[in-house]
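Here is the structure we will look at, set down as structure tokens.
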């Protein structure tokens with residue numbers, strides 16, 4: 143169904159870009175191949191480094207990660223560029239694809255030391271939308287939230 147949608151959405155008068163999230167997986171190979179065959183520019187959006195995961199991964203997940211690590215370096219001719227969310231991912235992809243454009247698109251707010259005597263009249267809610275794995279640093283987020291609670295009692299966490 144998705145591949146059929148690529149055919150319908152392709153505009154012959156414009157440059158067509160296919161943004162493949164976490165393109166390192168075997169599941170996404172058919173989109174990379176098919177998109178390139180159709181004339182799309184293929185951009186891989188690398189949002190995670192699965193090779194650094196310390197979580198319990200299923201056998202199929204381990205095979206997928208290993209296979210994608212073996213295959214990805216050979217896909218250079220099919221990929222037009224990358225977006226990454228961290229400098230460590232940028233460094234990793236530059237080693238593999240030094241001739242491809244790689245742009246960093248950070249997904250977090252700047253770390254600002256905010257000092258103010260002024261009372262903020264809005265109720266602040268914190269929402270975390272990531273995995274609870276050790277690799278994502280959830281422990282640091284919980285510790286930071288505890289420090290915020292000590293200073294601002296009306297802050298809540300969303301479920």
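Residue numbers (my numbering): 143 to 301. Ideal placement from N, C-alpha and C gives every residue a C-beta, glycine not left out. Predicted model, so just to flag it, every value in this text is computed and none were measured.
Between the Cα of residue i and the Cα atoms of the options, which residue gives the shortest distance?
| i | options | result |
| --- | --- | --- |
| residue 151 | 177, 168 and 283 | 177 |
| residue 208 | 169, 155 and 241 | 169 |
| residue 240 | 228, 248, 223 and 230 | 223 |
| residue 174 | 201, 145 and 189 | 145 |
| residue 225 | 293, 235 and 246 | 246 |
| residue 217 | 238, 287, 188 and 204 | 238 |
| residue 215 | 228, 297 and 171 | 171 |
Tell me, please, which residues DSSP counts as bridged to residue i.
| i | result |
| --- | --- |
| residue 183 | 159 |
| residue 209 | None; residue 209 has no bridge partner. |
| residue 188 | 226 |
| residue 245 | 225 |
Let me know the secondary structure DSSP gives residue i once reduced to three states.
| i | result |
| --- | --- |
| residue 239 | coil |
| residue 170 | helix |
| residue 231 | helix |
| residue 198 | coil |
| residue 293 | helix |
| residue 218 | coil |
| residue 147 | helix |
Contact the stretch 152 to 160 vs the stretch 172 to 190: 3+ CB pairs below 8 angstroms: yes
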